[in-house]
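Residue numbers (the working numbering), protein chains in the order written: chain A, -17 to 244; chain B, 36 to 255; chain C, 36 to 255; chain D, 153 to 393; chain E, 153 to 393.
Heads up: the structure comes next, in structure tokens.
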Amino acid sequence: FAQALKPGTERTATERTIRMATTTSTENSGLLGWLLPAFEQKYGYTVRVVSVGTGAALKIGANGDADLVLVHARAAEEQFVASGFGIDRRDVMFNDFVIVGPKTDPAGIRTAGSAAASLKSIVAMQQRFVSRGDDSGTHQMELALWRVAGGLSKWPGYLAAGRGMGEVLTMADELRGYTLTDRGTFSSMRSKLDLVVLVEGDRSLSNPYGIIAVNPVRHPHVNAQGARALMDWMTSPEGQRRIASFQIDGQSLFFPSATGPR
Amino acid sequence: MLAAHDVALAYAGRAVLDACSIEIAPGEALVLSGENGSGKTTLLRVLAGLERPDAGRLWFDGAPIEAGSFPRAVRRALQYVPTHPYLFSTSVRANLDYGLRAHRIDPDERRRRTNAAIEWARLQPVVDTPPQQLSAGEKQRIATARAWVLAPRVVLFDEPTSNLDRASRAQVVALISELCAGHTAVLIVAHDRELIELAGARRLNLAHGRVQAPDAHAEN
Amino acid sequence: MLAAHDVALAYAGRAVLDACSIEIAPGEALVLSGENGSGKTTLLRVLAGLERPDAGRLWFDGAPIEAGSFPRAVRRALQYVPTHPYLFSTSVRANLDYGLRAHRIDPDERRRRTNAAIEWARLQPVVDTPPQQLSAGEKQRIATARAWVLAPRVVLFDEPTSNLDRASRAQVVALISELCAGHTAVLIVAHDRELIELAGARRLNLAHGRVQAPDAHAEN
Amino acid sequence: MDLLEPTRDALYRLASLDPALWQIVAVSMRVSLIALALVTPLAVVTGFALAMYRFPGRRLLIVLLQSLLAFPTVVIGLLLYLLLSRRGPLGAWQLLFTQEAMIVGQVIIAFPIISAFTLAAVQAADPRLHETARLLGATELRAALSVLREVRFALIAAVTSGFGRVVSEVGCALMVGGNIAGLTRNIPTAIALETSKGAFTEGIALGIVLMVLALAVNVVLALTQGGGRGTPSIDAAWYRG
Amino acid sequence: MDLLEPTRDALYRLASLDPALWQIVAVSMRVSLIALALVTPLAVVTGFALAMYRFPGRRLLIVLLQSLLAFPTVVIGLLLYLLLSRRGPLGAWQLLFTQEAMIVGQVIIAFPIISAFTLAAVQAADPRLHETARLLGATELRAALSVLREVRFALIAAVTSGFGRVVSEVGCALMVGGNIAGLTRNIPTAIALETSKGAFTEGIALGIVLMVLALAVNVVLALTQGGGRGTPSIDAAWYRG
Ligand SMILES: Nc1ncnc2c1ncn2[C@@H]1O[C@H](COP(=O)(O)OP(=O)(O)OP(=O)(O)O)[C@@H](O)[C@H]1O
Ligand SMILES: Nc1ncnc2c1ncn2[C@@H]1O[C@H](COP(=O)(O)OP(=O)(O)OP(=O)(O)O)[C@@H](O)[C@H]1O
Ligand SMILES: [Mg+2]
Ligand SMILES: [Mg+2]
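Structure below.
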């Protein structure tokens, strides 16, 4: 034990391990499987990924059970930092949200113009819309869109599913309804779905991912060094290149957005 | 009335009954004795249809019981009271009533017969005791009464008096005489001494898997 | 040796034993009879420590058994063989060996005594039959042998011969004499007729919750 | 983290008949009790038959039944999903994401546990029981019912276990129910949602609500069973050591 | 959707000792078997005591035990999480997101089911059994072991049910294991992952792998149990109607 505690060039087992809590979208899309081995090989760390809901990921971080978090829920992220749970929040990448629905597009949202107008049209045509309903980043984005669209007044076709993105996409597909999704998850599941992208490119639909180190002052046991190494690498030109080169069916899912270490 | 011809039965290769024949006529009382493990209980179980013999044939009312199945009609006419009878954990009364319900006797008649059975077997003091907690003799009396209420034409008793007191024993002996007077056939397995009071019974002995007339020496 | 003074026991408010007293001396054979349900089995269970009396006191070797608990030493010196004994579903041999193991007797001695028991109870033919499938008499013989191998100083038999054939009955009678000759105290619950051969036994009767000398009339 | 506060809050909402909470509770109770009512007869018959009758393949069936207990509920949910999906063979019935689908799932989940319990109970029953019933003239059906009545204590344990299993399972309910608010959201799927939101204490509070309800159901079942038979035991203080 | 293909593929990978699959299988087996080995003695003792001894609060404890069966595994996971979290009272042990934490969770989950089964089994046993053992001089411990040996058939069913329950549960394993690839990812959490990716057939294939393994465990348990006692029944063909 004494040996293990001694500072030295050799890192101990705990110091070699980095625990990252993240949302299911990054893990399920396959991005982390593409990204992390390169980092692990180069720096000799082992990254352990716990992928859960956005809220749960932040909670795990707040409890000091992870060394860093990778999520997409800007407001919640800022709250996390403001409460002193996290430090050094950095932009790392973004993708965008899209509204998907059946090819036949019974609500005719393809031509609606804006995302908010699409939602209005779905209500007007009394079509089904499956909501995440789970306070996730995607759900927050949906609520923001509703605010722009003049508020959400629930109709029978509005289904608050309370499940993850993959499940909600499957449900929307099954029920021939619409839903709001991040492009990454949708692309990774497209082959299994009959849904198509109907609304995209609206400036309000940007989906930025942030990476935040857990505050080592609050939780002295965390592997701050490892967390920092991973964050540095992810935001480095090399990491950013690698994010950009992650593709499914010849399409990029995430776009680098790091502004360099602050 | 009920007969077995050349019946054989083996357990795990060990022959218990071997070309065993027996016959009971209506109104006859037959006492079967034999050493422990000689197969008396096994024979009763075969006659009651609970065990299917490996070979041989059973007869009822002069007609053979075909190899396929032991007919319902025979089962209905017959009662078997084992040495250690099982009582349902309901109530004494429900135990006596059980067979009557199964025979679809109407409720009034059932109540009448159940009451008669309680009286006959002197069960009033224990009618509220949970059946599983009764004394050995009380259990045996209930089982005898439970068969009696069904007015069977053939009764197979396995050591019916082994746990009974003097009064109850005398009563069972009286019951057997009464049954025989009513043309019921009664086969009693007993270690002889138990039923010394039983007059006019034919005595048989089971040994080496066969039923024989007892010689004084082998008597049990 | 073993005695009960003014013992009382009620089940669900119904008094079964009521100021009941009994005493057995070393080398004595005592036959207790009584009507079905009179409480004979209950009294044996109290004497064996299986039921705690509501009132009264037990004595062993001249010393009172205090209200706290039924001492291990008494239990060790005593064996109780119920009417319908339970056999472990292991093997006949393991049943005979069970108590010897529990008493931590060494393996050689255990083997010797078990073999002697098998011989004594004539169990060779059934030594490989699963115990639960043995005949009524075979079970009773095994239970008797299972108590016998433990060389108890007091034996409580509940209707020990009720399912036994003539030979086995004689053997149990001989066993009782033998036990008494070795200063063991033996209390036998029996419906009297069962043990008519037992010479020199003191006879008692249980009625209305009390033990009394039998009058010819009440004899069971 | 303070557990007391959210638990007290949840129990208070339960007691004050908070409609949002009771909606969820009602879905849980309705689905699980209907599923139990449907599956119990079938599962009991199966357990009984496996215990009482000798037939070829019986041992194999018992092992299969036991193994079904290890079948994850989410996989049952997946299979059912494929069946009920509009692309699946029963898609036309439009049962997916309905309480009916959840009921079907729970029927499948409860079946092996209730069967296995019944099997063990009947196998442990006195073999003379069935025989006595038949000898007294009972048909096989009546005799079977008599056997089941005698082992009712164990049967109630079987049903209770089945209830506990289905009322708390989340894999299948999520998969075929969809956790739709106001429609197919039951207590376990609501807990899953709270958990994914990081609202751990609220999840636990809901779990305690479920416990309280299960306790209520079990108390009712325990009371119907009367005194229970119970193994009379030697007075442990009197006969000790 | 074609199920045959992914199932065959999964079984083929199982047979060809595919390291990625076997890693997951090994986690499942290791965690569940250790949990079972740890919990069985305790649960059996509890079930036995509840069946055999009269003491105040016994009935209440039985109802509580039955109700614990309805405690969702995810809630057990949440409670355990709060305990093992760095912020929790046992945070210093650093057990969160380890197999050890999963084992603890499964111990808690298996406990009520094995206890309840044991309770039912012992309660159904012949009451003369324990008494006979004691009369022949057995200590309470030896007598208890004798009773348990006589009901071993039902005990094996208890352990099998417990195994089925823990090896297939996902709520607690996800919560305290974290579904970390190569470390705490077991079959059910892998299924949950596949499911959330919409890879249903892969999920089902993993479920079938789990079934096959459970079958293997159950066959082994069934064999150790020997012939099983089984209720001798009347020859149904001979004595029919
Ligand atoms: N199911 C069984 N399996 C194996 N052996 C059995 C079975 N049933 C009975 N036996 C054996 O068959 C023999 C005959 O048993 P049975 O019960 O018919 O004897 P019995 O004449 O009634 O004896 P008892 O006077 O002791 O009642 C016994 O040795 C017994 O051990
Ligand atoms: N646990 C119990 N609960 C209630 N009543 C009981 C219990 N045990 C015995 N009894 C009743 O107590 C009375 C005495 O029973 P016991 O078994 O001592 O009688 P016994 O003299 O041995 O009769 P038998 O000659 O029939 O064996 C019986 O009427 C019986 O029904
Ligand atoms: Mg016999
Ligand atoms: Mg008695």
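Backbone N, C-alpha and C define an ideal beta-carbon position, used for all residues, glycine too.
Small disclaimer: the values here were computed from a predicted structure and weren't measured.
Can you find a CB in chain C that lies within less than 8 Å of the CB of Arg280/D? Taking a beta-carbon distance threshold of 8 Å, Arg280/D does not count as an interface residue toward chain C.
Checklist line | Alpha-carbon to alpha-carbon, Phe263/D and Lys174/C | finding: Between the alpha carbons of Lys174/C and Phe263/D lies a distance of about 40 Å.
Ligand 1 and Ala171/C: does any heavy atom of the ligand fall closer than 7 Å to the residue's C-beta?
Yes, ligand 1 has a heavy atom inside 7 Å of this Cβ.
Exercise. From Tyr164/D to Thr353/D, what does the alpha carbon distance come to, in whole angstroms?
Worked result: Those two C-alpha atoms are separated by around 15 Å.
**Message:** Against chain D, with Cβ distances strictly below 8 Å, would Gly46/A count as a contact?
**Reply:** False, the Cβ-Cβ gap to chain D never drops below 8 Å.
Inset, instruction - For His252/B, name the three-state secondary structure that DSSP assigns. - result: Legend: pLDDT at His252/B = 49, less than 50; position of this residue unreliable, value from coordinates given subsequently. In the structure shown, His252/B adopts helical secondary structure according to DSSP, grouped into three states.
Discussion item. Is there a Cβ of chain A sitting closer than 8 Å to that of Ser320/D, yes or no?
Written reply: Output row for Ser320/D: interface = no.
If you follow the beta strand (DSSP E) that Thr149/B is part of, which residue opens it and which one closes it?
Where Thr149/B is concerned, there is no enclosing beta strand (DSSP E), although the alpha helix (DSSP H) it sits in stretches over 142 to 155.
Quiz item: Hey, is Lys174/C close to ligand 3, as in C-beta under 7 Å from one of its heavy atoms?
Solution: No, since every heavy atom of ligand 3 falls outside the 7 Å radius drawn around the Cβ of Lys174/C.
request  = Please check if any C-beta of chain E sits within less than 8 Å of the C-beta of Arg145/C.
outcome  = No, no contact with chain E.
Anticipated Cβ contact below 8 Å, Met363/E with Ala333/D, distance rounded: No, Met363/E and Ala333/D are not in contact; Cβ-Cβ is about 33 Å, not under 8 Å.
Any residues in the stretch 285 to 314 of chain D with a beta carbon nearer than 9 Å to a beta carbon of chain B? Which ones, in chain order? The stretch 285 to 314 of chain D vs chain B, Cβ under 9 Å: Ala285, Arg286, Leu287, Leu288, Gly289, Ala290, Thr291, Arg294, Ala295, Ser298, Arg301, Glu302.
Of all the options Gln114/B, Asn198/B, Ala39/B, Ile153/B, which has the alpha carbon lying nearest to the alpha carbon of Ser170/B? Out of Gln114/B, Asn198/B, Ala39/B, Ile153/B, the CA that lies nearest to the CA of Ser170/B is found in Asn198/B.
I want to check one thing, is the minimum distance from the CB of Thr76/C to the heavy atoms of ligand 6 below 7 Å? Summarising the ligand content, the structure contains ligand 1, ligand 2, ligand 3 and ligand 4 and does not contain ligand 6.
For a contact defined as C-beta to C-beta under 7 Å, what are the partners of Glu157/E on chain C? Listed by position along chain C, the residues whose Cβ is nearer than 7 Å to that of Glu157/E form an empty set, because the closest Cβ is around 49 Å away.
- Task: Leaving aside the five residues before and after Pro224/D along the sequence, list all residues of the same chain whose C-beta is less than 8 Å from its C-beta, in chain order.
- Result: If we look at Pro224/D and ignore the five residues flanking it on each side, its Cβ neighbours are Gly323.
**Report entry** Rounded separation between Val227/D and Leu236/D - CA only
**Finding:** Roughly 14 Å between the two C-alpha positions.
Do you know how far the Cα of Ser169/A is from the Cα of Gln275/E?
For Gln275/E and Ser169/A, the distance between alpha carbons rounds to 58 Å.
For Leu85/C, go through chain D and note every residue whose CB falls closer than 8 Å to its CB, in chain order.
The answer, in chain order, is Ile386, Tyr391.
query = From the DSSP output, which residues share a beta bridge with Met2/A?
reply = Note: Met2/A sits in a beta bridge opposite Val31/A, Leu50/A.
Roughly how many angstroms lie between the CA atoms of Arg147/C and Leu78/C, to the nearest whole one? Looking at the two C-alpha atoms, the distance is approximately 34 Å.
Item checked: Any chain E beta carbon closer than 8 Å to Gly148/A -> When Cβ-Cβ separations below 8 Å define contact, Gly148/A makes contact with chain E.
Practice item. Could you tell me whether the Cβ of Arg111/B comes closer than 8 Å to any Cβ of chain E? Key: Taking a beta-carbon distance threshold of 8 Å, Arg111/B does not count as an interface residue toward chain E.
Cα-Cα separation, Leu166/D to Gln109/A
Looking at the two C-alpha atoms, the distance is approximately 34 Å.
Quiz item: Using a C-beta to C-beta distance shorter than 7 Å, which residues of chain D count as neighbours of Phe105/C?
Solution: Per Cβ cutoff of 7 Å: Trp390, Tyr391.
| Cβ of Val34/A within 8 Å of any chain D Cβ | Interface residue, yes.
Close beta carbons around Leu241/C, own chain, < 7 Å, minus the five adjacent residues each side | Excluding the 5 residues flanking it on each side, Leu241/C has same chain C-beta neighbours closer than 7 Å at Leu67, Gly69, Ser73, Gly74, Lys75, Leu78, in chain order.
### Message
Counting only beta-carbon separations shorter than 8 Å, does Arg176/B have a partner in chain D?
### Response
Not one chain D Cβ lies under 8 Å of Arg176/B.
Whole angstroms is fine: what's the gap from Gly15/A's alpha carbon to Thr8/A's? A direct Cα-Cα distance of roughly 9 Å separates Gly15/A from Thr8/A.
Tell me whether Phe(-17)/A is buried or exposed, calling it buried when 16 or more other Cβ atoms sit within 10 Å of its Cβ.
-> Because Phe(-17)/A carries a pLDDT of 38, less than 50, the predicted location of this residue cannot be relied on, and the following value inherits that uncertainty. Answer is exposed; the Cβ neighbour count stays below 16.
Should Leu288/E and Tyr121/C be called a contact, given that it needs their Cβ atoms to be closer than 8 Å? In this structure, Leu288/E lies away from Tyr121/C, with their beta-carbon atoms at least 8 Å apart.
- With burial defined as no fewer than 16 other Cβ atoms inside 10 Å of the residue's Cβ, what is the status of Gly183/A: buried or exposed? Exposed, because fewer than 16 other Cβ atoms sit within 10 Å of the Cβ of Gly183/A.
Query raised in the report: I think Arg239/E touches Asn45/A, with their Cβ atoms under 8 Å apart; what is that distance to the nearest whole Å?
Result: The pair is a contact, with the Cβ atoms about 5 Å apart (cut-off 8 Å).
- Assign Gly(-10)/A to buried or exposed, taking buried as 16 or more other Cβ atoms, counted over all protein chains shown, within 10 Å of its Cβ. The predicted model places Gly(-10)/A with a pLDDT of 40, which falls under 50 and marks its position as unreliable; any figure quoted below should be read in that light. With a 10 Å radius around the Cβ and a threshold of 16 neighbouring Cβ atoms, Gly(-10)/A comes out exposed.
> Between the stretch 212 to 224 of chain E and chain D, which residues of the former have a C-beta closer than 8 Å to a C-beta of the latter?
Replying inline: Against chain D - using a Cβ distance shorter than 8 Å - the residues of the stretch 212 to 224 of chain E are Ile214, Val215, Leu216, Gln218, Ser219, Leu220, Leu221, Ala222, Phe223, Pro224.
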